[in-house]
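First the structure, in the form of structure tokens, and then the observations on it.
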Amino acid sequence: MLPPPIRVVLVDTISALTGKAGRDISDGDDLVEDLGVDSLIAAKLLVEVEDRLGRQLPDGSEASLAGARTVGELVERFAAAVALDPSETSDGSLGG
Amino acid sequence: MRTATHLLDLLSRGAAVERQVEFVSPRGSSLTSFPALWALSSRAARAFETSVPVGRVAGILTSSAEMIACFVGALRAGRDFVSIPLPGRGQHPVAYARQLQAIATMSGATTLVVEAAHAATLAALPEPPSVPVSVAEALVVAAAGSTRDDAVPGELIQFSSGTTGTPKGVRLTGTAIGASVNAILRALEIGDRPETFCGWVPLSHDMGLIGGLLATWAASARTPYRYVCMSPELFVTRPSSWMETCAARGATITAAPTFAYQLASRYLAHAQPMDLSPLRAAIVGAEPIGVDTMEAFASAASRHGLRETAPCPAYGLAEATLAVSMVPPSARWTSRAISVDGKTRPYVSCGPVLDCLDVTAPGGSAEPGPILISGPAVCSGFIPARESTGPGTWLDTKDLGLLVGGELLITGRTDDLLCVAGRKLFAWELEHAANSVRDVRTGNCIVVADGGGCYLALFEPRSAAPDDLPAAVFEVRRALAAVAGIGPSAVGCLPRGALPKTPSGKLRRRHVAENVERFVSTCLAYRTF
Numbered sequence: 001m002l003p004p005p006i007r008v009v010l011v012d013t014i015s016a017l018t019g020k021a022g023r024d025i026s027d028g029d030d031l032v033e034d035l036g037v038d039s040l041i042a043a044k045l046l047v048e049v050e051d052r053l054g055r056q057l058p059d060g061s062e063a064s065l066a067g068a069r070t071v072g073e074l075v076e077r078f079a080a081a082v083a084l085d086p087s088e089t090s091d092g093s094l095g096g
Numbered sequence: 001m002r003t004a005t006h007l008l009d010l011l012s013r014g015a016a017v018e019r020q021v022e023f024v025s026p027r028g029s030s031l032t033s034f035p036a037l038w039a040l041s042s043r044a045a046r047a048f049e050t051s052v053p054v055g056r057v058a059g060i061l062t063s064s065a066e067m068i069a070c071f072v073g074a075l076r077a078g079r080d081f082v083s084i085p086l087p088g089r090g091q092h093p094v095a096y097a098r099q100l101q102a103i104a105t106m107s108g109a110t111t112l113v114v115e116a117a118h119a120a121t122l123a124a125l126p127e128p129p130s131v132p133v134s135v136a137e138a139l140v141v142a143a144a145g146s147t148r149d150d151a152v153p154g155e156l157i158q159f160s161s162g163t164t165g166t167p168k169g170v171r172l173t174g175t176a177i178g179a180s181v182n183a184i185l186r187a188l189e190i191g192d193r194p195e196t197f198c199g200w201v202p203l204s205h206d207m208g209l210i211g212g213l214l215a216t217w218a219a220s221a222r223t224p225y226r227y228v229c230m231s232p233e234l235f236v237t238r239p240s241s242w243m244e245t246c247a248a249r250g251a252t253i254t255a256a257p258t259f260a261y262q263l264a265s266r267y268l269a270h271a272q273p274m275d276l277s278p279l280r281a282a283i284v285g286a287e288p289i290g291v292d293t294m295e296a297f298a299s300a301a302s303r304h305g306l307r308e309t310a311p312c313p314a315y316g317l318a319e320a321t322l323a324v325s326m327v328p329p330s331a332r333w334t335s336r337a338i339s340v341d342g343k344t345r346p347y348v349s350c351g352p353v354l355d356c357l358d359v360t361a362p363g364g365s366a367e368p369g370p371i372l373i374s375g376p377a378v379c380s381g382f383i384p385a386r387e388s389t390g391p392g393t394w395l396d397t398k399d400l401g402l403l404v405g406g407e408l409l410i411t412g413r414t415d416d417l418l419c420v421a422g423r424k425l426f427a428w429e430l431e432h433a434a435n436s437v438r439d440v441r442t443g444n445c446i447v448v449a450d451g452g453g454c455y456l457a458l459f460e461p462r463s464a465a466p467d468d469l470p471a472a473v474f475e476v477r478r479a480l481a482a483v484a485g486i487g488p489s490a491v492g493c494l495p496r497g498a499l500p501k502t503p504s505g506k507l508r509r510r511h512v513a514e515n516v517e518r519f520v521s522t523c524l525a526y527r528t529f
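Protein chains in written order, with this note's numbering: chain A, 1 to 96; chain B, 1 to 529.
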């Protein structure tokens with residue numbers, strides 16, 4: 001079975017961790033300013049997303065992820081980190 | 001210039017000329033004068049000399065002529081007056097009864113004086129105070145004549161409004177209060193033009209008693225000075241009454257804690273036009289002062305003619321009798337960018353240090369540090385006893401800040417510090433940030449340590465039935481994470497009115513911290529992160 005698109009998983013997980021409805025999360029949202037994703041939530045997000053995707057991120061990719069400011073950037077960097085094509089993330093049905 | 005004038009000398013001189021005193025409450029208004037209050041206090045003093053057991057007199061200083069007379073009369077009769085705070089919002093009657101009893105026991109008071117309206121309330125408390133209760137009205141009526149004023153004057157023992165779990169009192173001599181009052185009047189640039197003070201802060205609070213009643217009474221000797229004493233109940237039931245009364249009475253001076261100015265900004269932004277142009281000093285103090293609060297008030301009040309220089313940020317504490325520094329009414333308030341723990345943001349200047357005190361604090365471009373005070377207006381001691389405060393000693397205010405160009409800037413308080421993930425965060429700064437959330441009732445968010453290295457936030461909603469509680473909870477966490485970089489580990493929304501406050505409106509943070517589980521159990525919505 002194919003893993004769910006990264007964007008769906010990320011938005012779903014951010015929603016679950018922060019309490020913000022998934023339908024209200026968009027690519028341009030600033031992770032800290034708009035969603036309150038601090039270092040603690042970010043750490044939980046990483047573990048959760050790895051779990052749900054069923055794959056480990058390569059060592060050293062945390063630094064790249066930590067540099068992401070928006071949801072869109074995080075999706076791209078995550079995709080790059082797991083060596084998936086970002087276009088795989090364009091599923092429009094978001095959780096929430 | 002320092003004049004060692006005793007408070008009772010100042011009041012005696014102020015009573016020599018006919019100046020109006022007006023009490024305004026939800027039940028209407030009543031008029032008296034400083035000479036009449038002085039005469040009434042003489043009868044009260046006589047009653048203390050002849051018919052009240054020897055020892056300290058405790059009292060709940062509500063806004064009535066008889067209670068003011070009992071306070072002044074106790075000092076004239078050589079009795080220390082122990083000022084007990086009014087019950088705070090949300091304070092359970094049992095908790096208040098215990099606080100009252102603790103203060104009476106701790107201070108060694110032999111009598112508790114209250115106005116008639118409160119005597120029945122006290123008797124109905126689940127645990128009525130064991131100290132004998134005297135009714136102020138009955139005391140002055142029954143007095144056999146007047147005092148001869150031959151006693152060594154008593155001290156004021158001012159108990160804090162319950163910001164902490166254990167009540168604590170500061171001992172203030174009449175000389176210390178006199179020094180503070182004179183310095184405040186100089187800072188207010190009182191000349192010979194007529195003045196009207198109008199305020200609602202309780203007389204059981206230093207800002208209401210010393211900055212309102214006593215400063216006005218003392219100044220009335222030299223200039224036509226009217227005192228409008230609004231009852232705190234009037235302000236609490238209708239906050240707009242404060243600015244309305246100021247406008248209606250042509251007030252030139254008022255004073256209130258920061259949160260009252262936040263409320264006034266909202267009200268004034270949409271209120272029918274009123275004339276606030278006579279108001280030349282709107283003293284802001286008793287709580288941290290944010291630049292946005294000052295800007296919002298100045299902007300909203302300017303619609304009603306408030307002059308740009310009227311808002312006067314001030315800093316003070318009970319241990320200094322009242323004020324330590326204040327922006328004078330002739331200068332516009334200013335702010336200065338300061339770096340605290342690597343983060344730079346603007347802080348409101350609390351103005352030059354009053355001439356009744358010496359202050360030491362880091363200066364220039366240094367990191368903010370402890371503020372120490374010394375001088376004639378510093379309290380003579382504490383109840384229960386703490387460190388010595390004699391001449392030449394420096395008292396740690398527990399506040400942090402800078403002294404730059406003679407002006408004090410307050411950046412935080414040592415005991416409000418939260419240590420989260422190795423960072424120092426000020427609780428009040430986080431609470432202030434929560435005010436930006438639409439669904440948070442302004443000034444009604446408390447942040448306390450969660451015991452696990454992080455913090456939790458509890459807030460009251462703006463409307464009684466918010467549409468989307470989870471969204472409000474999310475927004476509060478987001479706002480706090482955005483300002484601090486670290487969000488709270490839990491956020492709870494309490495019913496309106498549930499957050500405990502002191503009578504002057506300060507959040508009782510320590511009380512919440514000590515009873516977190518009980519507050520969490522009453523949350524309408526609560527979520528951990």
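We treat Cβ as the ideally placed atom computed from N, Cα and C, and that holds for glycine.
Just so it is clear, the structure is predicted and the values come from calculations on it, not from any experiment.
Cα-Cα separation, residue i to residue j
i, j, result
"A:D24", "B:A269", "32 angstroms"
"B:E127", "B:G392", "43 angstroms"
"B:T397", "A:G28", "46 angstroms"
"B:G169", "B:V378", "13 angstroms"
"B:I383", "B:C419", "30 angstroms"
"B:S277", "B:H304", "7 angstroms"
"B:G351", "A:S61", "51 angstroms"
"B:R332", "B:P346", "16 angstroms"
"B:A248", "B:V24", "12 angstroms"
"B:S601", "B:I210", "There is simply no residue 601 of chain B to check, as chain B begins at 1 and stops at 529 in what is shown."
"B:D355", "B:R46", "36 angstroms"
"B:A142", "B:L417", "52 angstroms"
"B:R518", "B:P93", "17 angstroms"
Coil, strand or helix - residue i by DSSP
i, result
"B:F159", "strand"
"B:V437", "coil"
"B:T344", "strand"
"B:F529", "coil"
"B:D450", "coil"
"B:P311", "strand"
"B:T389", "coil"
"B:N515", "coil"
"B:A144", "coil"
"B:E18", "coil"
"A:S26", "coil"
"B:K501", "strand"
"B:R27", "coil"
Buried or exposed (CB count within 10 angstroms, at least 16 for buried), residue i
i, result
"B:S521", "exposed"
"B:G390", "exposed"
"B:E387", "exposed"
"B:V476", "buried"
"B:Q272", "exposed"
"A:S87", "At A:S87 the pLDDT is 46, less than 50, meaning the model places this residue with poor confidence; the figure from the coordinates comes in the next sentence. Its Cβ having fewer than 16 others within 10 Å, A:S87 is exposed."
"B:V54", "exposed"
"B:T252", "buried"
"B:A484", "buried"
"B:L31", "exposed"
"B:K343", "exposed"
"B:T117", "Checking the sequence, you will find Ala at residue 117 of chain B rather than Thr. Label assigned to B:A117: exposed."
"A:P5", "buried"
"B:T163", "In this predicted model, B:T163 has a pLDDT of only 40, less than 50, meaning its place in the structure is not dependable enough to derive any value."
Next item on the list: Please list the segments of the alpha helix (DSSP H) lying wholly inside the segment 227-270 of chain B, counting only runs of 4 or more residues, in order along the chain.
Entry: If we require 4 residues or more, the alpha helix (DSSP H) runs fully inside the segment 227-270 of chain B come out as 232-237, 240-249, 258-270.
Notebook entry, point to check: Is the segment 62-77 of chain B touching the segment 95-102 of chain B, taking contact as three or more C-beta pairs under 8 angstroms?
Noted result: Here the segment 62-77 of chain B does not lie against the segment 95-102 of chain B, with fewer than 3 beta-carbon pairs under 8 angstroms apart.
Check: Any contact of the segment 486-494 of chain B with the segment 442-459 of chain B, i.e. 3+ C-beta pairs under 8 angstroms?
Finding: Three or more Cβ pairs drawn from the segment 486-494 of chain B and the segment 442-459 of chain B lie within less than 8 angstroms of each other, which places the two stretches in contact.
Next item on the list: Pair every Cβ in the segment 272-286 of chain B with every Cβ in the segment 217-237 of chain B, then say whether three or more of these pairs are closer than 8 angstroms.
Entry: Contact between the segment 272-286 of chain B and the segment 217-237 of chain B is absent, because fewer than three Cβ pairs lie under 8 angstroms.
Margin query: Contact between the segment 327-343 of chain B and the segment 136-155 of chain B is defined here as three or more beta-carbon pairs at a separation below 8 angstroms; is this criterion met?
Written below: No, the segment 327-343 of chain B is not in contact with the segment 136-155 of chain B.
Check: Are three or more beta carbon pairs between the segment 62-74 of chain B and the segment 166-185 of chain B nearer than 8 angstroms?
Finding: Under the Cβ criterion (8 angstroms, minimum of three pairs), the segment 62-74 of chain B does not count as touching the segment 166-185 of chain B.
Notebook entry, point to check: Pairing CB atoms from the segment 259-266 of chain B with CB atoms from the segment 510-528 of chain B, are three or more of them under 8 angstroms?
Noted result: Taking one beta carbon from each stretch, the segment 259-266 of chain B and the segment 510-528 of chain B have fewer than 3 pairs nearer than 8 angstroms; the two do not touch.
Checklist line | Stretch pair the segment 2-16 of chain A + the segment 52-62 of chain A: three plus CB contacts closer than 8 angstroms | finding: Output reads yes: the segment 52-62 of chain A touches the segment 2-16 of chain A.
Notebook entry, point to check: Any chance the segment 403-413 of chain B sits against the segment 442-452 of chain B, with 3 or more Cβ pairs inside 8 angstroms?
Noted result: With the cut-off at 8 angstroms, the segment 403-413 of chain B and the segment 442-452 of chain B do not touch.
Margin query: Three or more C-beta pairs under 8 angstroms: does that hold for the segment 290-302 of chain B against the segment 251-263 of chain B?
Written below: Taking a contact to require three or more Cβ pairs closer than 8 angstroms, the segment 290-302 of chain B and the segment 251-263 of chain B qualify as touching.
Item checked: Complete runs of the alpha helix (DSSP H) confined to the segment 91-124 of chain B [at least 4 residues] -> Counting whole runs of 4 or more residues, the segment 91-124 of chain B contains the alpha helix (DSSP H) stretches 93-107, 116-123.
Margin query: Would the segment 233-245 of chain B count as touching the segment 182-192 of chain B if we require 3 or more Cβ pairs under 8 angstroms?
Written below: Taking 8 angstroms as the limit for Cβ pairs, the verdict is that the segment 182-192 of chain B does not touch the segment 233-245 of chain B.
Note to self: Closer than 8 angstroms is the cut-off here; do at least three beta carbon pairs connect the segment 148-157 of chain B with the segment 193-201 of chain B?
What the structure shows: Counting Cβ pairs under 8 angstroms, fewer than three are found: no touch.
Margin query: Suppose only complete runs of 4+ residues qualify. What are the alpha helix (DSSP H) ranges in the segment 163-228 of chain B, listed by chain order?
Written below: At a cut-off of 4 residues, the continuous stretches assigned as alpha helix (DSSP H) that sit fully inside the segment 163-228 of chain B are 174-187, 215-219.
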